[in-house]
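Heads up, the thing below is written out as C-alpha cells.
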Amino acid sequence: KAGVTQTPRYLIKTRGQQVTLSCSPISGHRSVSWYQQTPGQGLQFLFEYFSETQRNKGNFPGRFSGRQFSNSRSEMNVSTLELGDSALYLCASSFNSATYEQYFGPGTRLTVT
Amino acid sequence: DQQVKQNSPSLSVQEGRISILNCDYTNSMFDYFLWYKKYPAEGPTFLISISSIKDKNEDGRFTVFLNKSAKHLSLHIVPSQPGDSAVYFCAADYGGSQGNLIFGKGTKLSVKP
Chain A
1 KAGVTQTPRY LIKTRGQQVT LSCSPISGHR SVSWYQQTPG QGLQFLFEYF SETQRNKGNF
61 PGRFSGRQFS NSRSEMNVST LELGDSALYL CASSFNSATY EQYFGPGTRL TVT
Chain B
114 DQQVKQNSPS LSVQEGRISI LNCDYTNSMF DYFLWYKKYP AEGPTFLISI SSIKDKNEDG
174 RFTVFLNKSA KHLSLHIVPS QPGDSAVYFC AADYGGSQGN LIFGKGTKLS VKP
C-alpha cells in the first residue's frame, strides 16, 4: 500500500507570496491532518479534514487555510508569507477521525526569504 | 506555555541497554498519550500509545508507562538497537480525536554500537 505523499518536497518563496502544498493520503484514509514543525515550537497542529469538512483547527492565523477534495486529497494554503512560516509542513492521514494511528508523509520543507 | 514537555533534547545509550525517554504534561484533561518516532527526511511514525485508564502498555521491545499523579509518562526500549536512533516525540490528546494532539519538542536518541 502506498504511503502518504506530499508535494513538493522543497519550496523556496519570498515574503508576501502565497504557497499551496499538496497531500495525498493512504488509499482508503478519509482523515487528513496538517502539522507545522519548527525547531523552536516543535510539531504544532494546523487543522484536520474529514470527508471534505474541517473538523478541528489549531491556533494559527487565518493566513493558513486548507481544503479536502472528494478523493480525500488535501491542500493547504498559506497567504502573505512571513519569514516565520519557514518550517517543515507535515501531512498525516488516518482511516477516520477517531483514531490516533496517523501515518505521516515526509513533509514539505518551506523556506521563506 | 508548553503542555507537553520533553526536557531532554538528546539521549545517548549503548546498544543492548535500556533507553528511557521521558515526557511530562500539565493538562490533567489529557486522556490519551502517544509516542512517535522520526527518522531524518521522513515523517513521524506512530510507535505506541496508552489510554489514561491504564498505567502500562507493552509492544515488543517498547513499553510506555503512565503515572497520572505525577503527570509523567516514559517510553522504555529494551534492548536498544542502533536502528532505534531517531527523534522521539511524545503527544497527548483530550479531544477524543487526533485533531487535538499536542506534541512535545522531541528527544533525539542515539544508540551506539
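So the sequences go chain by chain: A and B.
Under our numbering, residues 1 to 113 are what the first sequence spells out, in order.
Under our numbering, residues 114 to 226 are what the second sequence spells out, in order.
Think of the CB as a built atom: it goes at the ideal place given N, C-alpha and C, for glycine as much as any other residue.
Here the structure is a predicted model, which is why all the values come from computation and not from measurement.
Check the Cβ-Cβ distances between residue i and every residue of chain B, and say whether any is below 8 angstroms.
| i | result |
| --- | --- |
| Gly42(A) | yes |
| Val78(A) | no |
| Gly105(A) | yes |
| Leu11(A) | no |
| Val112(A) | no |
| Glu101(A) | yes |
| Val21(A) | Per the sequence shown, residue 21(A) should be read as Leu rather than Val. Not one chain B Cβ lies under 8 angstroms of Leu21(A). |
| Leu90(A) | yes |
| Ser4(A) | The residue asked about is misnamed: residue 4(A) is Val in this sequence, not Ser. Taking Cβ atoms only, chain B reaches closer than 8 angstroms to Val4(A), which makes this a yes. |
From this set, the options, which residue's C-alpha is nearest residue i's C-alpha?
| i | options | result |
| --- | --- | --- |
| Leu160(B) | Lys167(B), Gly173(B), Asp168(B) | Gly173(B) |
| Asn77(A) | Leu110(A), Thr5(A), Ser94(A) | Leu110(A) |
| Asn96(A) | Glu52(A), Arg63(A), Thr80(A), Asp85(A) | Glu52(A) |
| Asn56(A) | Lys225(B), Ile215(B), Lys118(B) | Ile215(B) |
| Ala228(B) | Val112(A), Thr113(A), Phe104(A) | Only positions 114 to 226 of chain B appear in the structure, and residue 228(B) is not among them; the question remains open. |
| Tyr207(B) | Asn135(B), Lys151(B), Ser165(B) | Ser165(B) |
| Asp197(B) | Asp168(B), Thr139(B), Ser162(B), Ile133(B) | Ile133(B) |
| Ile131(B) | Lys167(B), Thr176(B), Cys203(B), Pro192(B) | Pro192(B) |
| Phe45(A) | Gly217(B), Lys221(B), Pro226(B) | Gly217(B) |
| Leu81(A) | Thr20(A), Pro8(A), Tyr10(A), Gly3(A) | Thr20(A) |
| Cys136(B) | Leu222(B), Ser187(B), Tyr201(B) | Ser187(B) |
| Ser27(A) | Leu43(A), Gly84(A), Leu11(A), Ala2(A) | Ala2(A) |
| Phe64(A) | Gln17(A), Gln102(A), Ser24(A) | Gln17(A) |
| Leu147(B) | Ala205(B), Gly219(B), Asn140(B) | Ala205(B) |
| Phe60(A) | Pro39(A), Gln102(A), Gly84(A) | Gly84(A) |
| Ala199(B) | Thr176(B), His185(B), Gly156(B) | Gly156(B) |
| His29(A) | Gly62(A), Thr14(A), Pro106(A), Thr5(A) | Thr5(A) |
| Leu222(B) | Ser125(B), Val117(B), Cys203(B), Thr176(B) | Ser125(B) |
| Thr139(B) | Glu171(B), Thr176(B), Thr158(B), Gln119(B) | Gln119(B) |
Looking at chain A, is there any beta carbon in it that lies within less than 8 angstroms of the beta carbon of residue i?
| i | result |
| --- | --- |
| Gly196(B) | no |
| Lys169(B) | no |
| Lys221(B) | no |
| Lys218(B) | yes |
| Phe175(B) | no |
| Phe178(B) | no |
| Leu186(B) | no |
| Leu124(B) | no |
Excluding sequence positions up to five away, which residues of its chain have a Cβ less than 8 angstroms from the Cβ of residue i?
| i | result |
| --- | --- |
| Gly66(A) | Trp34, Leu46, Phe47, Tyr49, Gln54, Ser74, Glu75, Met76, Asn77 |
| Leu11(A) | Val19, Leu21, Thr108, Arg109, Leu110, Thr111 |
Once the 5 residues before and after residue i are set aside, which same chain residues still bring their CB inside 7 angstroms of it?
| i | result |
| --- | --- |
| Gln194(B) | Glu128, Val224 |
| Gln36(A) | Gln44, Leu46, Ala87, Tyr89 |
Beta carbon of residue i: closer than 7 angstroms to some heavy atom of the ligand SAH?
| i | result |
| --- | --- |
| Tyr207(B) | Absence of the ligand SAH is noted for the structure shown, with no ligands found whatsoever. |
Here's a check: name, in chain order, each residue in its chain whose Cβ is nearer than 6 angstroms to the Cβ of residue i, leaving out the five neighbours to either side.
| i | result |
| --- | --- |
| Leu179(B) | Ile163, Asp168, Leu186 |
> What residues in the region 138-162 of chain B bring their beta carbon closer than 9 angstroms to a beta carbon of chain A?
Replying inline: Contact residues of the region 138-162 of chain B toward chain A are Tyr145, Leu147, Tyr149, Lys151, Ala154, Glu155, Gly156, Pro157, Thr158, Phe159, Ser162 (C-beta to C-beta distance below 9 angstroms).
>> To test your reading of the DSSP string, which unbroken beta strand (DSSP E) runs of 3 or more residues are found completely within the region 51-113 of chain A?
In response: Secondary structure in the region 51-113 of chain A: the beta strand (DSSP E) runs of 3 residues or longer, each lying completely within the stretch, are 53-57, 64-68, 74-78, 87-94, 108-112 in chain order.
> Of all the beta strand (DSSP E) runs that stay within the bounds of the region 187-217 of chain B, which reach a length of 3 or more residues?
Replying inline: Fully enclosed beta strand (DSSP E) runs of 3 or longer: 199-206.
>> By the 9 angstroms beta-carbon criterion, what residues does the region 38-72 of chain A contribute toward chain B?
In response: Here the close residues are Pro39, Gly40, Gln41, Gly42, Leu43, Gln44, Phe45, Phe47, Glu48, Phe50, Arg55, Asn56, Lys57, Gly58.
> Where in the region 116-197 of chain B do unbroken runs of the alpha helix (DSSP H), each at least 4 residues long, occur, reported from the N-terminal end onward?
Replying inline: Runs of the alpha helix (DSSP H) lying entirely within the region 116-197 of chain B and spanning at least 4 residues: none are present.
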